[in-house]
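Data first, discussion second: the structure below is written as structure tokens.
Numbering (our numbering), first residue to last: 15 to 429.
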């Protein structure tokens, strides 16, 4: 029989409730979420794309403003009596230096449509950024939950190992006094060695998952860290309109409307004004007298294109019908997933309550064994049995707590 010290029992019970006491520097979930968002190259890329759209808008506005160009030409075509180009074709030469300007007129509808398309594109990028943030926060939180569960397991296994190490020292003295047999000590030592191996295994798992958490967040620090318990509360309500995917469906609808308008805008008459000023001569001798200018209008009126305009409207109508079908299907799936996670959360909470009750009962039993062991009334196998049962319960409780928080994580970032 083994005499378990009162202090060891206190350590065992306190470690179950406060596993972070066995480790050092503590960091919370928010630290990793902020680091992940700050270090994400994809979010930085999307920010740059939004800035680029501002440049696209400025470029588009400039395209519909006056365009000024300079041009020049020099052509000399020598000819003889029986050779050379026909002078009616070449005029003998061409000497020009012109400054020209053109400006499109009455294009506000076409310009507005293109600017609206850029605005919708910006909305899509922002929606993509929001979607990326949700995915990133959900992934980081899921990895944090896994690592925290490893930390709790490491603390619990470490406490059990310390408990057996203390009892081994007590057992040695009892064997020397003949209270226990040598086989009892060897049995305890075998169990202690198995516990030490389990401790190394769970430590390696914890360290590996912590490295993965740091890598996911772009953190280069590899020192051991204590994780604070994730404080996640189930969302009170669920609003589909907040989903970035649903918002993207709405933006796609606006994009289809703008594309439909752009078809009509492309068939509006196009009018532009142009003017030039400078030199235009065909002979070197007349250059001083050939400085001048010109101005005019250019008009383009679409008349017939083989019904391409109507066909494009029909194609866009089909695209809008497809969008609606995908949106309706996604909304149904979103509602079903929300109901599924809500039901899973209720079941997980009920199971966790049962496991906590079971753990409390086992802790009471351990306290009773403590008293009986001090009086030599409990066998060694009884100790191993109750500790093994309690270890199984605590492991299940840690896993159930992690599962419950994972479900809350899915509900928080449902999209």
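Cβ coordinates follow ideal geometry from the N, Cα and C atoms, glycine included.
| Query | Result |
| --- | --- |
| Cβ pair count under 8 angstroms reaching 3, the region 112-128 against the region 145-156 | no |
| Residues bridged to residue 110 [DSSP beta-bridge criterion] | 87 and 294 |
| Assigned exposure category for residue 399 - 16 Cβ within 10 Å defines buried | exposed |
| Enclosing alpha helix (DSSP H) for residue 187 [first to last residue] | 122-190 |
| Option nearest residue 275 by Cα separation, candidates 308, 129, 188 and 148 | 129 |
| 8 angstroms Cβ shell around residue 305 - same chain, five flanking residues per side excluded | 292 and 293 |
| Where residue 62 falls: helix, strand or coil (DSSP) | helix |
| Through-space distance from residue 127 to residue 330, alpha-carbon basis | 16 angstroms |
| The region 109-117 contacting the region 80-87, beta-carbon criterion three pairs below 8 angstroms | yes |
| Euclidean distance between Cα positions of residue 348 and residue 163 | 29 angstroms |
| For residue 440, three-class secondary structure by DSSP | Nothing can be reported for residue 440: it is not among the residues displayed for the chain, which extend from 15 to 429. |
| For residue 302, three-class secondary structure by DSSP | helix |
| Inter-residue spacing [alpha-carbon to alpha-carbon] between residue 217 and residue 168 | 6 angstroms |
| Minimum Cβ-Cβ distance from residue 298 to chain B less than 7 angstroms | Absent from the structure: chain B. Only one protein chain is present. |
| At least 3 beta-carbon pairs within less than 8 angstroms: the region 234-243 vs the region 39-51 | yes |
| 6 angstroms Cβ shell around residue 404 - same chain, five flanking residues per side excluded | 376 |
| Reference residue 84; option with closest CA among 244, 290, 171 and 132 | 290 |
| Residue burial classification, residue 266 (beta-carbon count within 10 angstroms, cutoff 16) | buried |
| Presumed contact (8 angstroms Cβ cut-off) between residue 232 and residue 53, rounded CB distance | 3 angstroms |
| Counterpart residues of residue 433 in DSSP-defined beta bridges | Outside the modelled stretch of the chain, which goes from 15 to 429, sits residue 433, for which no answer is possible. |
| Per-residue burial, residue 170 [other beta carbons within 10 Å of its own, 16 or more giving buried] | buried |
| Best match in 206, 98, 49 and 199 for proximity to residue 393 [C-alpha to C-alpha] | 199 |
| Classification of residue 207 by the beta-carbon crowding that lies within 10 angstroms, buried from 16 upward | exposed |
| Cα-Cα separation between residue 424 and residue 278, rounded to whole angstroms | 45 angstroms |
| Inter-stretch contact (C-beta, 8 angstroms, three-pair minimum) for the region 129-139 and the region 251-270 | yes |
| Simplified DSSP assignment, three categories, for residue 240 | strand |
| Counted within 10 angstroms of its Cβ, other Cβ atoms place residue 172 as buried (16 or more) or exposed | buried |
| Where residue 68 falls, given that 16 or more other Cβ within 10 Å makes a residue buried | exposed |
| Neighbourhood of residue 372 by C-beta, 6 angstroms cutoff - its chain only, sequence neighbours within 5 removed | 407 |
| Beta-carbon gap between residue 281 and residue 323 smaller than 7 angstroms | yes |
| Buried versus exposed, by CB contacts within 10 Å (16 or more), residue 50 | buried |
| DSSP three-state assignment for residue 402, whether helix, strand or coil | helix |
| Unbroken alpha helix (DSSP H) run spanning residue 263, endpoints | 258-280 |
| With 16 other Cβ atoms within 10 Å as the buried cut-off, status of residue 29 | Low confidence applies here, because residue 29 scores a pLDDT of 46, under 50, leaving its location unreliable; read the following figure in that light. Counting Cβ neighbours within 10 Å, residue 29 comes out buried, since at least 16 surround it. |
| Length of the line joining the Cα atoms of residue 452 and residue 59 | A question about residue 452 goes unanswered here, because the residues of the chain that appear run from 15 up to 429. |
| C-alpha distance - residue 308 paired with residue 86, whole-angstrom precision | 16 angstroms |
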